[in-house]
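K.L.:
Supplied in structure tokens, the structure appears directly below.
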């Protein structure tokens, strides 16, 4: 057993895109679990755009991380020393410890025990974890999805967007994905089988292109981008249309004053549009059922995903920056130990 | 029986506030009802801010009125000649004919027969009509109101706002009304018994004043004003808070580019806020039940209202302009014949 571990701490508050010097690698002595606690040696740490919101000061709602604290993330790990009845040494678990090689918990941050369902364990912080569950409950509970609807997904090549798009396809909807660049759009159309993929970088009039692609209007907008895309699509919303606010990736690196304002709110009255956000933990009691349905779609090929793996905790800041630069796509993960499932 | 009647037609499309020359008084020969039709001599025509949206070109959703058409409104009238089995000469009815002394219908535009419930007949196009029903279904169906909630109502001295505020009080909520000027605020607080009335004209920092007035946050925002007020109150919304988009009076005379954009949408995720609009006719099957409950509150004094009556159809344009100038408040009506109920 390794007596030390490394974690990535916030060194300074971010202003715009994350930079290497905003983070520092800290080496610590491994703690001993007290009664009721268990120690987890992490195999993976996730790289999530939503993490960005706690790395700046001056946001209104969630207190920012303190300087020196570990940056938040989800992990897959193996229990290494347990003094908690519910966990045995060797158990594989999904937790939220952050960008760290080691996690200590009394139950806090624990998400699920990993069941061997034939899928790689990384799926438990991907399609079976917070991103996929956000897609699932966003469409099912907030979007009240049903067969035959027209569904638009923004940032559709990201993990949340791509999963949402494929869930909507599996539920017999017409699905349009919006993403940046021909590679992502080809993947959405050819690999994932969406009905249409719109490359927002390849048009001068995105609104008109979306309108032409959705001649019967839009029933559900599943938005990961933010106010500008909501504002653009609002005039296309059908009667009783639903806008699911899943994420706001375009806002995370913006100063508050620079954020686009939604003007086309007239549709809320004329078309009885409903807009609602979600935090997936509100649905925690229904996670096992959702994970079983998602696993079924993964195993039968109706849901696919891409991963980009970085090796070593020291790669986390760079991997984090790259998700905002949009160069690559799919779930970004940092691998800290060899994956026993692949 | 009068052989002619007058109506107010749209003479030119509006740009900004309504002007006298945008309208014209047209004298017409009274039509004869065909089989299945009935003729109504109007006693009242309503003056509604929402009418404004069809008097300009270039709006996205609802086609504008054609030049020469009668401006839309609700009416109370008496059936004068019926060739429709469901209506007898002398029946008092609520219809949507517009700014006109006479209406002809085959059933279209008919809203309700007026039951003698001890209230003045004008209530049927006020608290018991579209304004009051908008307040009722906005709070009950969209806002999912329940006792103990903190409810903010904007444009609270208007018919819709004042009715919403009093319904919320009747349902044991803490209610804060926002209105312009000391007279309206005194009426809200002293006459209607709201918990607080905020004069937006008397403060340099409305957001801070609202925040101080709502130390426990806001559960329901019932908005009649538009994006600027929604944006200001969004950061105060409690977990699972609801924003009811009832009207957008501040937008009606604005050019689209001048409309405020909602920026503070982060609360949709962090606080799971839901925003939804309504058009009251979606609830038409439940009108009788709602009208009975509203009539009960009117008769026992839990709901009060103010009316400002103008005499003569030719007064309609001026009355219309005055509701946007905010000089007076309460329901604006044009009286066309003596009211048999008062």
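Residue numbers (the working numbering), protein chains in the order written: chain A, 1 to 342; chain B, 1001 to 1342.
Quick reminder that beta carbons are idealized off the backbone N, C-alpha and C, glycines included.
All of these numbers come straight from a predicted model, not from anything done at the bench.
#1: DSSP on residue 60 of chain A, reduced to helix/strand/coil?
#2: If you draw a straight line from the alpha carbon of residue 30 of chain A to that of residue 5 of chain A, how long is it in whole angstroms?
#3: Compile a chain-ordered list of the residues in the segment 264 to 288 of chain A whose CB is closer than 8 Å to at least one CB of chain B.
#4: Could you give the residue range of the alpha helix (DSSP H) that holds residue 70 of chain A?
#5: So what does DSSP say about residue 234 of chain A, is it helix, strand or coil?
#6: Span of the alpha helix (DSSP H) holding residue 1184 of chain B?
#7: May I have the straight-line CA-CA distance separating residue 1284 of chain B from residue 1110 of chain B, to the nearest angstrom?
#8: Any beta-carbon of chain B closer than 8 Å to the one on residue 248 of chain A?
#9: Note down, one range per segment and in chain order, each beta strand (DSSP E) of at least 3 residues found wholly within the segment 1292 to 1318 of chain B.
#10: Is there a Cβ from chain B that is less than 8 Å from the Cβ of residue 227 of chain A?
#11: Spatial neighbours of residue 311 of chain A within its chain, please: CB distance less than 6 Å, with the 5 preceding and 5 following residues excluded, ordered by chain position.
#12: Determine the direct distance from the alpha carbon of residue 1090 of chain B to that of residue 1224 of chain B, and round the result to whole angstroms.
#13: Three or more beta-carbon pairs under 8 Å between the segment 1091 to 1102 of chain B and the segment 1033 to 1051 of chain B, yes or no?
#14: What is the C-beta distance between residue 75 of chain A and residue 125 of chain A, in whole angstroms, given that I count them as a contact (C-beta under 8 Å)?
#15: Please identify the residue among A/70, A/321, A/229 and A/3 whose C-alpha is closest to the C-alpha of residue 261 of chain A.
#16: Candidates B/1086, B/1096 and B/1265: which alpha carbon is nearest residue 1041 of chain B's?
#17: Between residue 282 of chain A and residue 1012 of chain B, what straight-line distance do the alpha-carbon atoms span, to the nearest angstrom?
#18: Any idea if residue 1256 of chain B is buried or exposed, counting beta-carbon neighbours within 10 angstroms, 16 or more meaning buried?
#19: Would you report the Cα separation of residue 1212 of chain B and residue 1106 of chain B, rounded to the nearest angstrom?
#20: Tell me, please, whether the CB atom of residue 261 of chain A is closer than 8 Å to any CB atom in chain B?
#21: Say whether chain B places a C-beta atom closer than 8 Å to the C-beta of residue 178 of chain A.
#22: Any idea if residue 1149 of chain B is buried or exposed, counting beta-carbon neighbours within 10 angstroms, 16 or more meaning buried?
#23: Tell me the residue span of the alpha helix (DSSP H) that contains residue 1267 of chain B.
#24: Terminal residues of the continuous beta strand (DSSP E) containing residue 276 of chain A?
#25: Using the Cβ count rule (16 or more neighbours within 10 Å means buried), how would you classify residue 1060 of chain B?
#26: With distances taken between CB atoms, is the gap from residue 1177 of chain B to residue 1153 of chain B smaller than 8 Å?
#27: On the DSSP bridge list, what partners appear for residue 199 of chain A?
#28: Take the Cβ of residue 1299 of chain B as the centre, count every other Cβ of all protein chains shown within 10 Å, and call the residue buried at 16 or more, exposed below.
#29: Closer than 8 Å, CB to CB, is residue 245 of chain A near chain B or not?
#30: Between residue 1329 of chain B and residue 1197 of chain B, is the Cβ-Cβ spacing less than 8 Å?
#31: What in chain A is Cβ-close to residue 1350 of chain B, meaning under 8 Å?
#32: Looking only at its own chain, which residues have a Cβ that is under 6 Å from the Cβ of residue 1067 of chain B, when we skip the five neighbours before and after it?
#33: Between which two residues does the beta strand (DSSP E) holding residue 77 of chain A run?
#34: At what residues does the beta strand (DSSP E) containing residue 1135 of chain B begin and finish?
P.N.:
This is what the structure holds:
#1: With a pLDDT of only 49 at residue 60 of chain A, under 50, the local geometry of the prediction cannot be trusted, and the value read off the model is given with reservation. In the structure shown, residue 60 of chain A falls within a coil segment according to DSSP collapsed to helix, strand and coil.
#2: The C-alpha of residue 5 of chain A is placed about 6 Å away from the C-alpha of residue 30 of chain A.
#3: Here the close residues are 264, 265, 266, 267, 268, 269, 270, 271, 272, 273, 274, 275, 276, 277, 278, 279 and 282.
#4: First-last for residue 70 of chain A: undefined, no H or E at that position.
#5: Under the three-state reduction of DSSP output, residue 234 of chain A falls in the helix class.
#6: Run containing residue 1184 of chain B: 1182 to 1186, per the alpha helix (DSSP H) assignment.
#7: Going by the C-alpha atoms only, they are around 12 Å apart.
#8: Taking a beta-carbon distance threshold of 8 Å, residue 248 of chain A counts as an interface residue toward chain B.
#9: Counting whole runs of 3 or more residues, the segment 1292 to 1318 of chain B contains the beta strand (DSSP E) stretches 1307 to 1311.
#10: Yes - at least one Cβ of chain B is within 8 Å of the one on residue 227 of chain A.
#11: Spatial neighbours of residue 311 of chain A in its own chain (CB-CB distance under 6 Å, excluding positions within 5 residues in sequence) are listed in chain order as 335.
#12: Note on geometry: alpha-carbon atoms of residue 1224 of chain B and residue 1090 of chain B lie some 36 Å from one another.
#13: With the cut-off at 8 Å, the segment 1091 to 1102 of chain B and the segment 1033 to 1051 of chain B touch.
#14: By a beta-carbon distance limit of 8 Å, residue 75 of chain A contacts residue 125 of chain A. Their separation comes to about 7 Å.
#15: With distances taken between CA atoms, residue 261 of chain A lies nearest to A/229 out of A/70, A/321, A/229 and A/3.
#16: If we check each option's Cα against that of residue 1041 of chain B, B/1096 comes out closest.
#17: Annotation: residue 282 of chain A to residue 1012 of chain B spans about 53 Å, alpha carbon to alpha carbon.
#18: Residue 1256 of chain B should be labelled exposed.
#19: If I take the Cα positions, the gap works out to 54 Å.
#20: Put simply, the CB of residue 261 of chain A is near chain B, with a gap under 8 Å to one of its CB atoms.
#21: No, residue 178 of chain A does not count as interfacial toward chain B.
#22: By the neighbour-count criterion, in which a residue is buried when 16 or more other Cβ atoms sit within 10 angstroms of its Cβ, residue 1149 of chain B is buried.
#23: Residues 1266 to 1270.
#24: Counting along the chain, the beta strand (DSSP E) containing residue 276 of chain A begins and ends at 274 to 277.
#25: Residue placement at residue 1060 of chain B is poorly supported in this model, since its pLDDT is 49, which falls under 50; the coordinates are not used for a value here.
#26: The answer is yes: Cβ separation under 8 Å.
#27: Partner(s): A/179.
#28: When all chains shown are included, residue 1299 of chain B counts as exposed.
#29: It does; some Cβ of chain B falls within 8 Å.
#30: Residue 1329 of chain B places its beta carbon 8 Å or farther from that of residue 1197 of chain B.
#31: For residue 1350 of chain B there is no data in the structure shown, the boundaries of chain B being 1001 and 1342.
#32: Excluding sequence neighbours, residue 1067 of chain B sits near 1010.
#33: It spans 75 to 82 - the beta strand (DSSP E) in which residue 77 of chain A sits, taken as one unbroken run.
#34: Judged by DSSP secondary structure, residue 1135 of chain B falls outside any beta strand (DSSP E) and instead within the alpha helix (DSSP H) spanning 1130 to 1137.
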